[in-house]
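*Asks:* Just dropping this structure here.
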């Protein structure tokens, strides 16, 4: 329902005419994210600075309007979908890099800057920002921080939580706060920086962040290791992590996914290969030689059927293309896909994958698994046809069992995608009531009127004492 | 004031007779920490499990008794001193290692286990826990987590916040909560794990933690680099951090401290040396060779007067002994010492050290500086005689100016020691009122009656909306 004209005018007064979209056809496009869910916002605002954001928040408080912040909507959980309508605040016009501090290895940015823009600018001074989600080319840093995005490099370099020094944000109460400090260490007061990171816009709207950068490695080698079964592949993962040459990527691809790759014929794979690891090692050139040797040694076990160091960039590209081709292959395999990103302790990966195979058969839902094995973080893809009601119901029942399984194995429901709308109903299976109650109380302190991204992350439960 | 006998009996009922110390002479010794401040508790409890802790918290809530948790009291800020009397809860009898999970590189421990015990047990399976405070031999993991302890290795391996997976804790409301997960990635709900780490016992009492371990490096080399002035030394720090061979320690020692070391004659130092770096590089043997070469190259600049790789363990020990001898030397230099641990952006270290020299002259207070230069984290030692009231007043005025200086340079008042009582009055200079207000409101959600470690960390301010 469109806002009343006098209210729209208030937002125009706050942000300027060019920064408010009231036309419903324009609003419509801001109602999606990559979850394919949709809810049309009543109004879209495109503020250009923190002050305008504060004014928007004040207006939303005053008139009790829900406010959903979005970057480029690449998240897969519905976290950026305005499920209770109201305002969508897009940070797309706050996309400036404010400062590159080479000496202190950090960069101050606005939330709407793309991850890839940060990487490009950092690379000019020999640095990089570790979080590298698959959508790096078109996702924003603000969205990365809101979801604590990661990617393959997290195994060595950490997630957003380990790579953000300072945040400026507007709380749901309309206050501009500064958390953390410009330094790489600091213990004054409570850690609100990490509390904001991963909070999916339910506490505050990030208006600026100082990102911690690292030095780009001189060389990166990519190892391809194929195994006759899952257990052997995961044994190799455990062995690799037990020695001191820590890879900067340690990716797993299961048998079904390998078969999809084979179908694309982009890469020659041993016919005995039923699980594959892609392992990357980076550092100075002579150090990489030593580290690769150690990793190859650790990766070798009786179940290993193929082990190659793709030191040439052509071979590296071929390998990563094979990994990337997977997403397209999955799309052509079935019209609908549930893409989860569960995590279990690394040693439980064989049990997880074995039970996923069992669930796949039980529900007649093909499941393809690949992901960041070094963190135990697997992307579980359930493929089905949403227009077939029987299949759709089976997929959801199966997903339910997947979550049960993950929690039984001591895992967590999400490693990097977050909760949003998609996993909100399962959160209370993982977190106990006292913890949930504390989270809801913290939310109330930041956002006393509950205007920020309502209907996300935390379930609708009464707050207990 | 001792508790009334019927109240003492309630704690005896909760924890057992052997676990309650009511005798004032016994209580007295639990009133200190390494800040040298003292306040005698009314009662000391030594619980053996989380359930006993919950019962103690419930009793303290019921009878409105302050409750201060302590490990071994090695902190320097008064954080473990029961400034409002009441109960001291010592975790010393909860010192078990509950699980060593080699495959998943983590260890589940009770809070009273010593840091060095964790390291010893981890080393048996080729692993280590990164936080390495100077007091590792006699400080507890619970205390480490409460203060977010770090040490030299933080530059490469991070602090407690980067190396803790899961926490069990009893809140001030008496609820047992579990935060985080057994996995190295997780984004379900708000990050309460990091919120508890560094909260100095004002939110909850940690009853168990799952520590994230890393693989022990095959070899560690130690480089000694001496410079003719501070600026050259810090230029070297910046250059070292700009290349990809990241050291696992990057320590700075200033001229005054070098002179103290010279006085101890444990090590031959070039007479031109007015600043020294101790740099450690670890990894696989051939990788260390490459990394050391790169670090030596980066450390070399026109101001460098001496550059040596102490590859032999005898030379390494000599170097670290020199660093360690400093603390004793400082003690013999003057009867009283204020030991701060401020942090500034690395590039601001020369400005900080220059201005500290100026302040030292202005107040006639000798100041010695050394510390973790890679993190911009410097231990600033003000030496004076507390029994000389003029000197004591000058030291405090000088300290005040030191804090002003640090904040002016974009720094933070504490990198690893924390706030406790010592820095509480300065916290509102660093944190803005809205941030402080949020922290106080969060404290209220965890500890509605304000019984946990009252008078610490957060200043006494009215909570605003």
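Residue numbers (my numbering), protein chains in the order written: chain Z, 1 to 465; chain Y, 1 to 465.
Just so it is clear, CB atoms sit at the ideal spot from N, CA and C, and this is done for glycine as well.
Which residues of chain Z have a Cβ atom closer than 7 Å to the Cβ of residue 244 of chain Y, listed in chain order?
*Replies:* Here the neighbours are 215, 216, 217, 218, 283 and 284.
*Asks:* Relative to the C-alpha of residue 253 of chain Y, which candidate in Y:238, Y:426, Y:84 and Y:379 has its C-alpha closest?
*Replies:* The residue with the shortest Cα to Cα distance from residue 253 of chain Y is Y:379.
*Asks:* Compare the C-beta of residue 412 of chain Y against all C-beta atoms of chain Z and say whether one is closer than 8 Å.
*Replies:* Answer yes: the Cβ-Cβ gap between residue 412 of chain Y and chain Z drops below 8 Å somewhere.
*Asks:* Just the C-alpha distance for residue 40 of chain Z and residue 418 of chain Z, rounded to the nearest angstrom, thanks.
*Replies:* Distance between the alpha carbons of residue 40 of chain Z and residue 418 of chain Z: 22 Å.
*Asks:* Going along chain Y, which residues have a C-beta under 9 Å from residue 422 of chain Z?
*Replies:* Ordered by position in chain Y, no residue passes the 9 Å Cβ test against residue 422 of chain Z, which lies about 12 Å from the chain.
*Asks:* Contact check, residue 115 of chain Z vs residue 133 of chain Z under 8 Å by CB: the rounded distance?
*Replies:* Going by Cβ atoms, the distance from residue 115 of chain Z to residue 133 of chain Z rounds to 7 Å, so yes, they are a contact pair.
*Asks:* Closest by CA to residue 42 of chain Z, which one among Z:34, Z:67, Z:54 and Z:57?
*Replies:* The shortest C-alpha separation from residue 42 of chain Z is found at Z:67.
*Asks:* Any C-beta of chain Z sitting closer than 8 Å to the C-beta of residue 139 of chain Y?
*Replies:* It does not: the Cβ of residue 139 of chain Y has no partner Cβ on chain Z nearer than 8 Å.
*Asks:* Does the stretch 165 to 180 of chain Y come into contact with the stretch 192 to 205 of chain Y, if we say contact requires no fewer than three beta-carbon pairs (one atom in each stretch) closer than 8 Å?
*Replies:* Enough Cβ pairs lie closer than 8 Å, so yes.
*Asks:* For chain Z, is any of its Cβ atoms less than 8 Å away from the one on residue 81 of chain Y?
*Replies:* Cβ-Cβ to chain Z under 8 Å: no for residue 81 of chain Y.
*Asks:* So residue 156 of chain Z and residue 246 of chain Z are in contact, right, with Cβ under 8 Å, and what is the actual spacing, rounded?
*Replies:* Contact flag correct, Cβ pair sits at about 5 Å.
*Asks:* Would you tell me roughly how many angstroms separate the C-alpha atoms of residue 5 of chain Z and residue 30 of chain Z, rounded to the nearest one?
*Replies:* Near 20 Å, if we compare the C-alpha coordinates of residue 30 of chain Z and residue 5 of chain Z.
*Asks:* Among Z:240, Z:270, Z:327 and Z:83, which residue has its Cα nearest to the Cα of residue 297 of chain Z?
*Replies:* Comparing Cα-Cα distances from residue 297 of chain Z to each of Z:240, Z:270, Z:327 and Z:83, the minimum goes to Z:240.
*Asks:* For residue 255 of chain Z, tell me which candidate among Z:233, Z:238 and Z:244 has the shortest Cα-Cα distance.
*Replies:* The residue with the shortest Cα to Cα distance from residue 255 of chain Z is Z:233.
*Asks:* Quick test of the definition: if touching needs 3 or more C-beta pairs under 8 Å, does the stretch 405 to 415 of chain Z touch the stretch 432 to 451 of chain Z?
*Replies:* As far as the Cβ criterion goes, the stretch 405 to 415 of chain Z does not touch the stretch 432 to 451 of chain Z, which means the pair count is below three.
*Asks:* Rounded to a whole number of angstroms, what is the C-alpha to C-alpha distance between residue 125 of chain Y and residue 230 of chain Y?
*Replies:* Each residue's Cα considered, the two are about 41 Å apart.
*Asks:* So is residue 94 of chain Y buried or exposed if we call it buried at 16+ other beta carbons inside 10 Å?
*Replies:* Its Cβ being crowded by 16 or more others within 10 Å, residue 94 of chain Y is buried.
*Asks:* Which residue's Cα is closest to the Cα of residue 219 of chain Z: Z:196, Z:261 and Z:283?
*Replies:* Here the closest residue by C-alpha is Z:283.
*Asks:* Determine, using beta carbons only, whether residue 198 of chain Y comes closer than 8 Å to chain Z.
*Replies:* For residue 198 of chain Y, the answer is yes, since a Cβ of chain Z falls inside 8 Å of its Cβ.
*Asks:* At the 8 Å Cβ level, is residue 442 of chain Y part of the contact set with chain Z, yes or no?
*Replies:* For residue 442 of chain Y, the answer is yes, since a Cβ of chain Z falls inside 8 Å of its Cβ.
*Asks:* Does any C-beta atom of chain Z lie closer than 8 Å to the C-beta of residue 54 of chain Y?
*Replies:* No, no contact with chain Z.
*Asks:* Residues in the stretch 334 to 353 of chain Z with C-beta within 7 Å of chain Y's C-beta atoms, listed in sequence order?
*Replies:* So the close ones are 343, 344, 345, 346 and 347.
*Asks:* Measure the CB-CB distance between residue 251 of chain Z and residue 152 of chain Z and report whether it falls below 8 Å.
*Replies:* Yes; because the gap between Cβ atoms is below 8 Å, this pair is in contact.
*Asks:* Okay, do the stretch 210 to 224 of chain Z and the stretch 305 to 313 of chain Z touch, 3+ Cβ pairs below 8 Å being the bar?
*Replies:* Yes: the two stretches touch, three or more of their Cβ pairs being nearer than 8 Å.
*Asks:* Using only alpha-carbon positions, find the residue among Z:76, Z:421 and Z:56 that is nearest to residue 83 of chain Z.
*Replies:* Comparing Cα positions, the closest option is Z:421.
*Asks:* Specify the secondary structure class of residue 212 of chain Y as computed by DSSP and reduced to three states.
*Replies:* Strand.
*Asks:* Using a Cβ-Cβ cutoff of less than 7 Å, which residues in the same chain neighbour residue 413 of chain Y once the five nearest sequence positions on both sides are dropped?
*Replies:* 342, 403, 406, 423, 426 and 430, listed in sequence order.
*Asks:* So if I threshold CB-CB distances at 7 Å, which residues from the stretch 55 to 70 of chain Z count as touching chain Y?
*Replies:* Answer set for the stretch 55 to 70 of chain Z: empty.
*Asks:* So which residues on chain Y does residue 291 of chain Z lean against when the C-beta distance must stay under 8 Å?
*Replies:* Those are 283, 284 and 287, listed as they occur along chain Y.
*Asks:* Quick check for students: name the residue ranges of the alpha helix (DSSP H) that lie wholly in the stretch 190 to 234 of chain Y, counting only runs of 4 or more.
*Replies:* Qualifying alpha helix (DSSP H) stretches, in chain order: 192 to 196.
*Asks:* Name, please, each residue of chain Y whose Cβ falls closer than 9 Å to the Cβ of residue 390 of chain Z.
*Replies:* Here the premise fails: no neighbours, minimum Cβ distance about 30 Å.
*Asks:* Please go through the stretch 81 to 141 of chain Z and give each complete alpha helix (DSSP H) segment of 4 or more residues, from N-terminal end onward.
*Replies:* Here the runs fully enclosed are 115 to 123.
*Asks:* Unbroken beta strand (DSSP E) runs of length 3 or more, entirely within the stretch 36 to 68 of chain Y: which are they?
*Replies:* Fully enclosed beta strand (DSSP E) runs of 3 or longer: 43 to 45.
*Asks:* Give the interface partners of residue 445 of chain Y over in chain Z, defined as CB-CB distance under 8 Å, in chain order.
*Replies:* The contacting residues are 438, 441, 442 and 445.
*Asks:* With a threshold of 16 other CB atoms inside 10 Å of the CB of residue 384 of chain Z, please say whether the residue is buried or exposed.
*Replies:* Flag for residue 384 of chain Z reads buried.
*Asks:* If the cut-off is 7 Å on Cβ atoms, which residues from the stretch 370 to 387 of chain Z count as contacting chain Y, listed in chain order?
*Replies:* Listed by position, the residues of the stretch 370 to 387 of chain Z near chain Y (Cβ gap below 7 Å) are 375, 376 and 377.
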